[in-house]
Amino acid sequence: PEPPRPEPGPTVDPAAITIDPDRPLVMIVTHEASRTGAPLLALDLVRRLSRTAQCAVVYAAPGPLLDDFAAHAWLIDGRQLNPWGAPTRYGREIMSALERAPRRMAICNTATTWYYARWIRRFGWRTISLVHDFATNSPRDDYRLIADSPDVLVYPCDAMRQVACDWAGLPE
Numbered sequence: 002p003e004p005p006r007p008e009p010g011p012t013v014d015p016a017a018i019t020i021d022p023d024r025p026l027v028m029i030v031t032h033e034a035s036r037t038g039a040p041l042l043a044l045d046l047v048r049r050l051s052r053t054a055q056c057a058v059v060y061a062a063p064g065p066l067l068d069d070f071a072a073h074a075w076l077i078d079g080r081q082l083n084p085w086g087a088p089t090r091y092g093r094e095i096m097s098a099l100e101r102a103p104r105r106m107a108i109c110n111t112a113t114t115w116y117y118a119r120w121i122r123r124f125g126w127r128t129i130s131l132v133h134d135f136a137t138n139s140p141r142d143d144y145r146l147i148a149d150s151p152d153v154l155v156y157p158c159d160a161m162r163q164v165a166c167d168w169a170g171l172p173e
């Protein structure tokens with residue numbers, strides 16, 4: 002049986018997703034939809050990318066930016082996916098609908114979305130994690146999980162990358 006899930010926030014019905022095969026699809030994952038740094042960065046990415054690509058936004062916690070995201074993307078309540086384990090039926094249906102896009106990728110915004118990067122990769126998607134968190138705020142073993150989850154890890158600057166590599170014993 003599937004684990005209990007919280008009351009869903011706004012989330013798209015997989016049957017309502019119409020894929021344009023001529024446009025790439027970008028899934029943006031944000032840890033929340035608050036009016037704070039990382040979610041505002043995610044919103045800016047969605048606004049810019051939606052000009053030329055189809056966008057889906059997975060959010061792990063609701064917030065006041067949901068309407069702004071919905072103006073540019075399909076909303077997916079990440080709590081309904083079970084990103085910590087086997088996908089829920091809803092998760093499988095969402096990924097099946099989105100996988101109709103021949104060109105697709107996911108961008109996970111912040112270290113705290115590492116488990117979504119790992120979950121999305123299981124479906125064969127290329128994933129990029131934008132890590133603007135200080136590595137030393139996480140235990141070394143946890144940070145290794147963060148670093149190993151996406152295909153590509155992007156830091157805001159070389160100094161933060163170096164601190165992360167030194168802290169967690171990651172290869173340069």
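Plus 1 on top of the position in the sequence shown (first one is 1) and you've got this note's numbering.
Glycine residues also receive a C-beta, built at the ideal position from the N, C-alpha and C atoms.
So residue i and residue j are in contact, right, with Cβ under 8 Å, and what is the actual spacing, rounded?
i, j, result
"V27", "G79", "Rounded, the Cβ-Cβ distance is 16 Å, inconsistent with contact."
"A39", "T128", "Incorrect: roughly 16 Å between the Cβ atoms, too far for contact."
"P25", "A102", "7 Å"
"A71", "P140", "In fact, because the Cβ distance is near 36 Å, the residues do not count as touching under 8 Å."
Checking 9 Å against the spacing of the C-beta atoms, do residue i and residue j come in under that value?
i, j, result
"L44", "L131", "no"
"A148", "A160", "no"
"G64", "A17", "no"
"W85", "M106", "no"
"A61", "T113", "yes"
"R36", "L67", "no"
"A73", "R104", "For the record, residue 73 in the displayed sequence is His; it is not Ala. No, Cβ-Cβ distance for H73 and R104 is not below 9 Å."
Shortest alpha-carbon distance to residue i belongs to which of the options?
i, options, result
"R119", "S35, L99, L146 and N138", "L146"
"R162", "H133, R48, P11 and E8", "H133"
"P151", "I77, P11 and I108", "I108"
"M96", "R36, L76 and F70", "L76"
"R123", "S139, F135, Y156 and P88", "P88"
"R13", "G92, V155 and D167", "A small correction: the amino acid at residue 13 is Val; Arg does not occupy that position in the sequence shown. Per the Cα distances, G92."
"D21", "A98, E94, A72 and H32", "A98"
"I121", "V58, D23 and N138", "V58"
"W115", "R90, L154 and N138", "L154"
"H32", "A136, R90 and Y117", "Y117"
"C158", "D142, D143, Y144 and A136", "A136"
Does the region 80–98 touch the region 47–54, meaning 3 or more C-beta pairs lie closer than 8 Å?
no
Enumerated in chain order, which unbroken segments of the alpha helix (DSSP H) with a length of 4 residues or greater are wholly contained in the region 10–70?
For the region 10–70, whole alpha helix (DSSP H) runs of length 4 or above, ordered along the chain, are 38–50.
Length at least 4, wholly inside the region 132–161: the alpha helix (DSSP H) runs in chain order
141–149
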